[in-house]
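Enquirer: Take this structure first; my questions come after.
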Amino acid sequence: MARRLSYSARYTHAPEKLYEAQCTRQYWDDMMAGFQMISPHCEVEDFRADETGMKVILKQHIGRDQLPAIAQTVLMKDMVITREESFGPFDPDNTKGDYTASIPAGPGSLTGSQELLRTETGCTLRKTTEVKVFIPFVNGKLEQLMLVNVVDLFRAEAEYAKDWIDKNL
């Protein structure tokens, strides 16, 4: 059974600024450099931004010994996460996109949609995530663990985005 989560990050920046940041290769390169404090093998594998929108593919290697015990029972090797994020063309009121995260031979899936919405005080980035784990007996625990980690990731990325925009745009 899949589990869902909605998360909203609120910004005082206009949606144009957040979109511009996400359409800048340096934004993603800098983010991956920050992730290297946690996991030394992080990279932007591919990036595209044009009038049709943006798409980025991120790859992160996490050592098996860094995984929670319940995840180590399922994964016998280091975990390699491939994450794809995209946005369509900028719409001043509601820019839509999606994201996925996958692990080769992984026990589940993570998919989501995202919307960049204008607000009276700036903008909100709303992410709706669905996780599924296909292993009986531990699927619920692993799904919940994934969602907790996704919320932590989204919070950290929201702080990163605020700081990056303040320093670069």
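In the working numbering, the protein residues as written are 1015 to 1183. Ideal Cβ positions, reconstructed from N, Cα and C, are used throughout, including at glycine. For clarity, every value in this text was computed on a predicted model and none was experimentally measured.
Helix, strand or coil for Glu1030? Go by DSSP, reduced to three states.
Expert: helix
Enquirer: Answer yes or no: do His987 and Val1058 have a C-beta to C-beta separation smaller than 7 angstroms?
Expert: Since the first residue of the chain shown is 1015 and the last is 1183, residue 987 is not available in this structure.
Enquirer: Counting C-beta neighbours from all protein chains within 10 Å, is the total for Pro1054 16 or more, i.e. buried, or is it exposed?
Expert: Burial call: exposed.
Enquirer: Just the C-alpha distance for Gly1067 and Ser1116, rounded to the nearest angstrom, thanks.
Expert: 22 angstroms
Enquirer: Taking the alpha carbon of Lys1031 as the point to measure from, which residue in Leu1139, Ala1016, Lys1091 has its own alpha carbon closest?
Expert: Leu1139
Enquirer: Only counting runs of 3 or more residues, tell me where the beta strand (DSSP E) segments fall wholly within the region 1032-1113, in order along the chain.
Expert: 1055-1064, 1067-1076, 1093-1101
Enquirer: Rounded to whole angstroms, what is the Cα-Cα separation between Ala971 and Val1162?
Expert: No answer is possible for residue 971: it lies beyond the span of the chain, which begins at 1015 and ends at 1183.
Enquirer: Secondary structure at Glu1144, three-state DSSP: helix, strand or coil?
Expert: Glu1144: strand per DSSP, three-state reduction.
Enquirer: Three-state secondary structure (DSSP) at Leu1156?
Expert: helix
Enquirer: Look up Gly1120 in the DSSP assignment and give the residues it is bridged to.
Expert: The partner list for Gly1120 (beta bridge, DSSP) is empty, contrary to what the question assumes.
Enquirer: Which same chain residues end up closer than 8 angstroms to Asp1092 when comparing Cβ atoms and leaving out the 5 residues on each side of it in sequence?
Expert: His1075, Ile1076, Gly1077, Arg1078
Enquirer: What's the gap between the Cα of Leu1167 and the Cα of Phe1049?
Expert: 10 angstroms
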